[in-house]
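*Asks:* This is the structure, below, for whatever I ask next.
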Amino acid sequence: MKFYSTKNTAAAVDFRTAVSQGLPPDNGLYFPEELPQLHPSFINDLPKIHLHEVAETVAWPFVKKNLSKSELATIIERTLNFPIPLVQLHRQLHVLELFHGPTLAFKDVGARFLAGCLQVFAQQNDEALTILVATSGDTGSAVANAFLGLEGINVCVLYPSGKVSTLQEQQMTTLGQNITALEVNGTFDDCQQLVKQAFLDEDLKRQKNLTSANSINIARLLPQSFYYFHTFQQLDNWEEVSFSVPSGNLGNLCAGLFAR
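In this note's numbering, the protein residues as written are 254 to 513.
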């Protein structure tokens with residue numbers, strides 16, 4: 254499958270290129286050329302299938318040109334290694350708990366899938382990668398934990414001074430190894446601007462082999478669709494199901510549209 258830029262002025266690329274570049278050259282967003290339709294029998298059998306198998310089935314059409322089935326299975330196993338329970342609050346009200354991951358944020362799912370993909374691609378190309386991320390808290394923590402100790406990948410997280418919680422700051426700054434957290438005397442927008450400037454510097458981008466781990470990366474967006482299917486796995490009644498999604502830049506909601 255190819256991925257095209259939403260601005261439609263850059264060449265379509267494969268999954269590996271879309272993930273490794275993060276952003277297309279025209280500064281649009283990479284989006285798949287099609288959204289595959291899952292077979293009705295797969296949907297009907299959801300309650301009987303393990304979440305890992307569900308995730309592999311959903312992801313396979315998007316990644317099969319660049320990942321083997323065994324590589325994908327390994328990535329999924331590492332990504333979804335914590336529970337995602339659907340808890341009933343009322344007869345017709347449930348909440349999907351996405352805070353059981355290592356950093357207690359829903360972004361653990363997307364960050365860990367992205368980390369697994371980039372690790373495989375770095376090994377395939379035998380080249381080091383640098384992940385540059387701006388965060389207001391939970392993204393930096395999730396990304397730092399997901400990439401911790403991965404050979405051939407260095408992570409640099411920029412966060413605004415005094416604007417993240419103590420727990421999140423400790424999650425980013427105490428890891429060491431291949432994780433560097435930089436406190437910026439400014440706002441989150443200032444951090445974002447520094448990251449954008451770095452990506453516009455072609456020499457720096459080429460020298461450090463820069464890529465992004467923010468939600469603009471398609472490998473962050475795709476795995477968030479997994480837990481929409483997992484919701485149906487845990488529901489007894491599938492009639493008139495509506496999702497209410499707390500949103501910032503609507504990435505989590507967009508993943509729900511992928512699943513739909």
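All C-beta atoms in this analysis are idealised placements derived from N, C-alpha and C, irrespective of residue type, glycine included. Just so you know, these numbers come straight off a predicted model, no measurement behind them.
For the alpha helix (DSSP H) that residue 457 lies in, which residues bound it at each end?
*Replies:* One-based indexing of the sequence shown puts residue 457 at position 204. Taken as a continuous stretch (DSSP letters only), the alpha helix (DSSP H) holding residue 457 covers 455-461.
*Asks:* Going by Cα to Cα distance, which pick from 410, 267, 309, 286 is closest to residue 295?
*Replies:* As a first step, residue 295 is located in the sequence shown; it is residue number 42 there, counting from the start. Selected option, being the one with the closest Cα: 309.
*Asks:* Is residue 332 closer than 7 Å to residue 366 when the C-beta atoms are compared?
*Replies:* Start at 1 with the first residue of the sequence shown, and residue 366 comes out as number 113. Start at 1 with the first residue of the sequence shown, and residue 332 comes out as number 79. Yes.
*Asks:* Whole angstroms is fine: what's the gap from residue 442's alpha carbon to residue 258's?
*Replies:* On the sequence shown, position 189 is the one that residue 442 refers to. On the sequence shown, position 5 is the one that residue 258 refers to. Whole-angstrom Cα-Cα distance: 24 Å.
*Asks:* Under 6 Å: does the beta carbon of residue 356 sit that close to some heavy atom of the ligand ATP?
*Replies:* Within the structure as shown, the ligand ATP is missing, as the structure has no ligands at all.
*Asks:* Residue 255 CB to nearest chain B CB: under 7 Å?
*Replies:* Of the protein chains in this structure there is only one, and it is not chain B.
*Asks:* Could you tell me the alpha carbon to alpha carbon distance between residue 245 and residue 283, rounded to whole angstroms?
*Replies:* The requested residue 245 does not occur in the structure, where the chain is confined to residues 254 to 513.
*Asks:* Helix, strand or coil: how does DSSP classify residue 407 here?
*Replies:* As a first step, residue 407 is located in the sequence shown; it is residue number 154 there, counting from the start. If DSSP states are grouped into helix, strand and coil, residue 407 belongs with the strands.
*Asks:* Spell out a yes or no on whether the segment 390-399 and the segment 417-436 are touching, meaning 3 or more CB-CB pairs, one atom from each, closer than 8 Å.
*Replies:* yes
*Asks:* Going by C-alpha distance, which of 360, 318, 316 is nearest residue 337?
*Replies:* As a first step, residue 337 must be located in the sequence shown, where it is residue number 84. Nearest option by C-alpha distance: 360.
*Asks:* Once the 5 residues before and after residue 506 are set aside, which same chain residues still bring their CB inside 7 Å of it?
*Replies:* The count along the sequence shown starts at 1 and reaches residue 506 at position 253. Only 498, 500 meet the Cβ criterion.
*Asks:* Report buried or exposed for residue 292, applying the criterion of at least 16 other Cβ atoms within 10 angstroms of its Cβ.
*Replies:* Taking the first residue of the sequence shown as 1, we reach residue 292 at position 39. So residue 292 counts as exposed.
*Asks:* Go to residue 366, then tell me how far its alpha helix (DSSP H) extends in each direction, as first and last residue.
*Replies:* Counting from 1 along the sequence shown, the entry for residue 366 is found at position 113. Unbroken alpha helix (DSSP H) run through residue 366: 360-378.
*Asks:* When you compare the segment 346-360 with the segment 474-493, are there three or more beta-carbon pairs, one atom per stretch, that lie closer than 8 Å?
*Replies:* yes
*Asks:* Since residue 479 is in the alpha helix (DSSP H), which residue starts that stretch and which ends it?
*Replies:* On the sequence shown, position 226 is the one that residue 479 refers to. It spans 479-487 - the alpha helix (DSSP H) in which residue 479 sits, taken as one unbroken run.
*Asks:* Smallest Cα separation from residue 455: which of 269, 274, 261?
*Replies:* Numbered from its first residue, the sequence shown carries residue 455 at position 202. Among 269, 274, 261, the Cα nearest to that of residue 455 belongs to 274.
*Asks:* Check residue 413 in the structure and name its three-state DSSP category.
*Replies:* As a first step, residue 413 must be located in the sequence shown, where it is residue number 160. Residue 413 falls in the strand class under three-state DSSP.
*Asks:* One question on the structure: do residue 335 and residue 353 come within less than 7 Å of each other, judged by their Cβ atoms?
*Replies:* Numbered from its first residue, the sequence shown carries residue 335 at position 82. Numbered from its first residue, the sequence shown carries residue 353 at position 100. Closer than 7 Å, so yes.
*Asks:* How big is the Cα-Cα spacing for residue 496 and residue 460?
*Replies:* The residue labelled residue 496 in the question sits at position 243 within the sequence shown. The residue labelled residue 460 in the question sits at position 207 within the sequence shown. Approximately 43 Å between the Cα atoms of the pair.
*Asks:* In angstroms with no decimal places, state the Cα-to-Cα distance between residue 368 and residue 467.
*Replies:* Indexing the sequence shown from 1 puts residue 368 at position 115. Indexing the sequence shown from 1 puts residue 467 at position 214. In a straight line, the C-alpha of residue 368 is about 12 Å away from that of residue 467.
*Asks:* Label residue 421 either buried or exposed according to how many other C-beta atoms from any shown protein chain fall within 10 Å of its C-beta, with 16 as the threshold for buried.
*Replies:* Position 168 of the sequence shown holds residue 421. Counting Cβ neighbours within 10 Å, residue 421 comes out buried, since at least 16 surround it.
*Asks:* Hey, would you say residue 417 sits closer than 7 Å to residue 386, going by beta carbons?
*Replies:* Along the sequence shown, one-based indexing puts residue 417 at 164. Along the sequence shown, one-based indexing puts residue 386 at 133. No.
*Asks:* Taking the alpha carbon of residue 450 as the point to measure from, which residue in 263, 261, 280, 406 has its own alpha carbon closest?
*Replies:* Mapped onto the sequence shown, residue 450 falls at position 197. Nearest C-alpha to residue 450: 280.
*Asks:* In whole angstroms, what is the alpha-carbon distance linking residue 408 and residue 264?
*Replies:* Taking the first residue of the sequence shown as 1, we reach residue 408 at position 155. Taking the first residue of the sequence shown as 1, we reach residue 264 at position 11. Their backbone Cα atoms lie some 28 Å apart in a straight line.
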